[in-house]
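For what it's worth, the numbering used here labels the leading residue of the sequence shown as 215, then goes sequentially. Built from N, CA and C at the ideal position, the CB exists for glycine as well.
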Amino acid sequence: MVFPICIYGSGVLRAETENIAEGFEGLEKLVEDMFETMYDSDGVGLAAPQIGKALRLFVIDTTVVDEEGEEPKGLRKAFVNPEIYDFLGDEISCEEGCLSIPGIHENVMRPAGVRIRYMDEKMQPHDDTFDGFVARVIQHEYDHLEGKMFVDRLTPLRKTLLKGKLTSMSKGKYSASYKTKLIK
Ligand code: NI
């Protein structure tokens, strides 16, 4: 099932998120639906608040952006109740976009790597270190669970320049090629 994606200005994107309890009904189906929603909108990551659910859950699939002919290096994974407990390396700049903020792409500074504890969709615990593009996507999605979006991390100048566009977006003036919704 493809969910509509909540657009910038939707209250749920700023809401506090809850941990997923052991025995949470329908977790595997929810994860499957989130992957389906993400593929439908050509995203590489999707967090539960973006489909209107204030839960600590996100999915990523970076295999889709791997260069043709190369050994797949990307990662397809669900992160349940994740906790980033360490950042590694220098901060680097990389262009980001967000399915909840269609049409806007900006450079964002973030640490090169992360160490993260999380569970998978079968509630099995993991503790991993990631770097490169995967670490970038994880940090972006993790921010969604903290009620943050990449535009919050821009320089004051870029924020000022984007303010009008974001205000319009939160009033419904945007276009996207996938199903969206705006809920205050
Ligand atoms: Ni996003």
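Does the Cβ of C312 lie closer than 6 angstroms to at least one heavy atom of the ligand NI? Locating residue 312 in the sequence shown gives position 98, counting from the first residue. Flag set: Cβ of C312 near the ligand NI.
Length of the line joining the Cα atoms of A235 and V258: The residue you call residue 235 lines up with position 21 of the sequence shown. The residue you call residue 258 lines up with position 44 of the sequence shown. About 26 angstroms.
Taking the beta carbon of R270 as the centre, do at least 16 other beta carbons fall within 10 Å, making it buried, or is it exposed? Within the sequence shown, residue 270 is the residue found at index 56, counting from 1. With 16 or more Cβ atoms within 10 Å of its Cβ, R270 is classed as buried.
Taking the continuous beta strand (DSSP E) assigned at S307, which residues delimit it? Taking the sequence shown and counting its residues from 1, the one referred to as residue 307 is at position 93. DSSP places S307 in the uninterrupted beta strand (DSSP E) bounded by R290 to E310.
Enumerate in chain order the residues of its own chain whose CB-to-CB distance from L380 is below 7 angstroms, with the five nearest sequence positions on each side excluded. Against the sequence shown, residue 380 aligns to sequence position 166. The residues Y222 and V365, in chain order, have a CB closer than 7 angstroms to that of L380 in the same chain once the five nearest residues on each side in sequence are set aside.
Count the other CB atoms, across all protein chains shown, that sit within 10 Å of the CB of R350; report buried if there are 16 or more and exposed otherwise. Within the sequence shown, residue 350 is the residue found at index 136, counting from 1. Buried.
Pick from L313, E335, F301 and I265 that is closest to R172, judged by C-alpha positions: Summary: the structure shown does not reach residue 172, with the chain confined to residues 215 through 398, and so no result is reported for it.
Looking at C-alpha atoms only, which residue of R367, I315 and A292 is the closest neighbour of K243? Here residue 243 refers to the residue found at position 29 when the sequence shown is read from its first residue. When only C-alpha atoms are compared, the closest one is A292.
DSSP three-state assignment for H340, whether helix, strand or coil: Translated into positions along the sequence shown, residue 340 becomes position 126. Here H340 sits in strand by DSSP.
Proximity winner among F344, C312, N321 and K287, relative to I265 (alpha-carbon distances): By one-based count along the sequence shown, residue 265 stands at place 51. Checked all of F344, C312, N321 and K287; the closest Cα to I265 is C312.
Report yes or no: do three or more beta-carbon pairs, one from the stretch 315 to 322 and one from the stretch 359 to 375, lie closer than 8 angstroms? In short, these stretches touch, since the Cβ pair count reaches three.
Other residues of its chain near R372: CB distance less than 7 angstroms, five sequence neighbours each side excluded: The count along the sequence shown starts at 1 and reaches residue 372 at position 158. Residues of the same chain with a CB within less than 7 angstroms of the CB of R372, apart from the 5 flanking positions on each side, are E320 in chain order.
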